[in-house]
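A.B. asks:
2 protein chains.
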Amino acid sequence: MRIGELAQKSGLTTSRIRFYERIGLLKAVDRRLNGYRTYSSQAVTILGLITTAQRAGFTLDEIRALLPSDLTHWDHAALTGALTRKVADIEALQVRLGQSKAQLLRLIEDIQARPEDMDCAANARRVLTNVLAKHTEDLTVTSDDVRLPDRTDRPLSLKPGAGRKVVSR
Amino acid sequence: MRIGELAQKSGLTTSRIRFYERIGLLKAVDRRLNGYRTYSSQAVTILGLITTAQRAGFTLDEIRALLPSDLTHWDHAALTGALTRKVADIEALQVRLGQSKAQLLRLIEDIQARPEDMDCAANARRVLTNVLAKHTEDLTVTSDDVRLPDRTDRPLSLKPGAGRKVVSR
DNA sequence: GCTAACGTTGAACATAAGTTCAGCGTCAAG
DNA sequence: CTTGACGCTGAACTTATGTTCAACGTTAGC
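Shown next, in the form of structure tokens:
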């Protein structure tokens, strides 16, 4: 089939399919004499796998490292290893999400719990102090701490090495 | 204080502080006659708030929209609204994380549950079919469905509008 | 033979949140 | 007076995941 049909069958755009080829992720492609790409029905499966893996939190680089050229011949060890690590990543993120959610809920309550006799400015200071309490602790500790406190100070997202970043320098 | 001291006190880099100023996020800055930036101790608080909000999943744009120029004068309604929406975003992501994790665990089990009498190729096909089952359903349904199935087909991350994307076109 | 739909390419653009760099100015100590 | 640390600017670069565009080639139907 040509690229348009593959796009339709896989639900991806043609630009995305060409992009995957360019970065070496989709190698199952041939060329007709006129230069048109041709795909077998395997390509649909591969694209399905790619988007499924993406949904599960794998980057395209990770997927490329795991996807074999022959779909019937996987690297079992690497695969289950990567899957297990991804589960751990997810669990770590779940923990952080729970903490963030709890902090937000506490904050919402705290804002609404302004004592009748307190003016807004004072309330703001009170809430502000509470919000920054944990962070400031971190800071004062960090300032002459040797082991970094695991970098929880970054946006919430499921990135490959989200936990243990080794700054090679 | 000058920028270096603020960087040290806030734990951010000077480039990051200048960047925040450039994008209009940190307005609490004055200039000496020599061109050097000067900050009050409020700036430390503001930077602390910014990184705390970032950790909780707010983008810099969102933070800019919520941060008042006067820390004692917040927009209560906008703030609690944003906080509540962020909690909802987190809950949505928690659900997706749970699903992804469950799928990965199922997949790991499935890979290891290869029947003794089945060769690797056949096992690969079996597992592959299972993995893609849900996705293929989605696809066949989507093809002539009116309401989009809520775009769960994208990487896991906590982005502002992660749930309900309105394509204005 | 024309037109519409499809295909090709390379390059540029988009986003978010910064970092890095070159080239220059300022300031305090020795 | 020199040196080193600190500061300034604007521009370019980074990462990941694509999209968009212009300019051109191919093919099928009429």
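Going down the list, the protein sequences come from chains A and B. Take 1 as the starting number for the first sequence in UniProt numbering and just add one per residue. Take 1 as the starting number for the second sequence in UniProt numbering and just add one per residue. Don't be surprised by glycine CBs; every beta carbon is placed ideally from N, CA and C.
Give the DSSP-derived three-state secondary structure of THR142(A) in the structure shown.
C.D. replies: Looking up residue 142(A) in the first sequence gives position 142. The pLDDT assigned to THR142(A) is 49, lower than 50, so where the model puts this residue is not dependable, and the model offers no usable value.
A.B. asks: Taking its Cβ as the centre, do 16 or more other Cβ atoms sit within 10 Å of ALA122(A), making it buried, or is it exposed?
C.D. replies: Locating residue 122(A) in the first sequence gives position 122, where the first residue counts as 1. Looking at its Cβ environment, which holds fewer than 16 other Cβ atoms inside 10 Å, ALA122(A) is exposed.
A.B. asks: Taking DSSP's pairing of strands, which residues face THR38(B) in a bridge?
C.D. replies: Looking up residue 38(B) in the second sequence gives position 38. Looking at the DSSP assignment, THR38(B) forms a beta bridge with ASP30(B).
A.B. asks: To the nearest angstrom, how far is it from the Cα of ARG85(B) to the Cα of GLY98(A)?
C.D. replies: Along the second sequence, read from residue 1 onward, the residue named residue 85(B) stands at position 85. Along the first sequence, read from residue 1 onward, the residue named residue 98(A) stands at position 98. About 15 Å.
A.B. asks: Just to confirm before moving on: does the CB-CB distance between ILE50(A) and ILE63(A) stay below 7 Å?
C.D. replies: What you label residue 50(A) is simply residue 50 of the first sequence in a count that begins at 1. What you label residue 63(A) is simply residue 63 of the first sequence in a count that begins at 1. Cβ distance < 7 Å, so ILE50(A) and ILE63(A) count as in contact.
A.B. asks: Looking at C-alpha atoms only, which residue of TYR36(B), LEU156(B) and LEU79(B) is the closest neighbour of ASP110(A)?
C.D. replies: Within the first sequence, the letter at position 110 stands for residue 110(A). Of the candidates TYR36(B), LEU156(B) and LEU79(B), the one whose C-alpha sits nearest the C-alpha of ASP110(A) is LEU79(B).
A.B. asks: Going straight from the alpha carbon of SER143(A) to that of LYS134(A), what length do you get?
C.D. replies: Along the first sequence, read from residue 1 onward, the residue named residue 143(A) stands at position 143. Along the first sequence, read from residue 1 onward, the residue named residue 134(A) stands at position 134. With a pLDDT of only 47 at SER143(A), under 50, the local geometry of the prediction cannot be trusted, and the value read off the model is given with reservation. Straight-line Cα distance between these residues: approximately 14 Å.
A.B. asks: Run the CB neighbour count on VAL131(A), radius 10 Å, all protein chains shown included, and call it buried at 16 or more, exposed below.
C.D. replies: Counting from one through the first sequence, the residue named residue 131(A) turns up at place 131. VAL131(A) is buried by the Cβ-count criterion.
A.B. asks: Report the three-state DSSP secondary structure of SER15(A) (helix, strand or coil).
C.D. replies: One-based indexing of the first sequence puts residue 15(A) at position 15. SER15(A): helix per DSSP, three-state reduction.
A.B. asks: What number of angstroms, rounded off, separates the C-alpha of LEU104(B) from the C-alpha of ALA56(A)?
C.D. replies: One-based indexing of the second sequence puts residue 104(B) at position 104. One-based indexing of the first sequence puts residue 56(A) at position 56. Rounded to whole angstroms, LEU104(B) to ALA56(A) spans 8 Å at the Cα level.
A.B. asks: Distance cutoff 7 Å, beta carbons only. Does VAL29(B) sit that close to anything in chain A?
C.D. replies: Taking the second sequence and counting its residues from 1, one reaches residue 29(B) at position 29. So, not an interface residue.
A.B. asks: Taking the continuous alpha helix (DSSP H) assigned at residue 217(B), which residues delimit it?
C.D. replies: Chain B is shown only over 1 to 169; residue 217(B) falls outside these bounds and no answer can be derived.
A.B. asks: In the DSSP output, which residue or residues are listed as bridge partners for SER157(A)?
C.D. replies: Your numbering for residue 157(A) matches position 157 in the first sequence. In the DSSP output, where bridge partners are listed per residue, SER157(A) has SER157(B).
A.B. asks: State the DSSP-derived secondary structure class of ALA56(A), mapped to helix, strand or coil.
C.D. replies: Mapped onto the first sequence, residue 56(A) falls at position 56. DSSP places ALA56(A) in coil when its eight states are reduced to three.
A.B. asks: Please report the straight-line C-alpha distance between LEU26(B) and GLU5(A), rounded to a whole angstrom.
C.D. replies: Taking the first residue of the second sequence as position 1, residue 26(B) is located at position 26. Taking the first residue of the first sequence as position 1, residue 5(A) is located at position 5. If you take the alpha carbons of LEU26(B) and GLU5(A), they lie about 50 Å apart.
A.B. asks: For a cutoff of 7 Å on Cβ pairs, would you count ALA113(B) as touching chain A?
C.D. replies: Position 113 of the second sequence holds residue 113(B). No - not a single Cβ of chain A is within 7 Å of the one on ALA113(B).
A.B. asks: Would you mind working out which of ARG18(A), HIS73(A) and GLN42(A) sits nearest TYR36(A), comparing C-alpha positions?
C.D. replies: Numbered from its first residue, the first sequence carries residue 36(A) at position 36. Among ARG18(A), HIS73(A) and GLN42(A), the Cα nearest to that of TYR36(A) is on ARG18(A).
A.B. asks: Hey, would you say LYS101(A) sits closer than 7 Å to VAL87(B), going by beta carbons?
C.D. replies: Numbered from 1 along the first sequence, position 101 holds the residue referred to as residue 101(A). Numbered from 1 along the second sequence, position 87 holds the residue referred to as residue 87(B). Yes; because the gap between Cβ atoms is below 7 Å, this pair is in contact.
A.B. asks: Quick one, which residues of the stretch 97-108 of chain A are near chain B if we go by CB-CB under 8 Å, in chain order?
C.D. replies: Flagged, chain order: LEU97, GLY98, SER100, LYS101, GLN103, LEU104, LEU105, LEU107 and ILE108.
A.B. asks: The stretch 63-93 of chain B: which residues have C-beta closer than 8 Å to a C-beta of chain A, in chain order?
C.D. replies: Answer in chain order: LEU71, THR72, HIS73, TRP74, HIS76, LEU79, THR80, LEU83, THR84, LYS86, VAL87, ILE90, GLU91 and LEU93.
A.B. asks: Measure the CB-CB distance between LEU66(A) and ALA82(A) and report whether it falls below 7 Å.
C.D. replies: Along the first sequence, one-based indexing puts residue 66(A) at 66. Along the first sequence, one-based indexing puts residue 82(A) at 82. Result yes, Cβ atoms of LEU66(A) and ALA82(A) sit closer than 7 Å.
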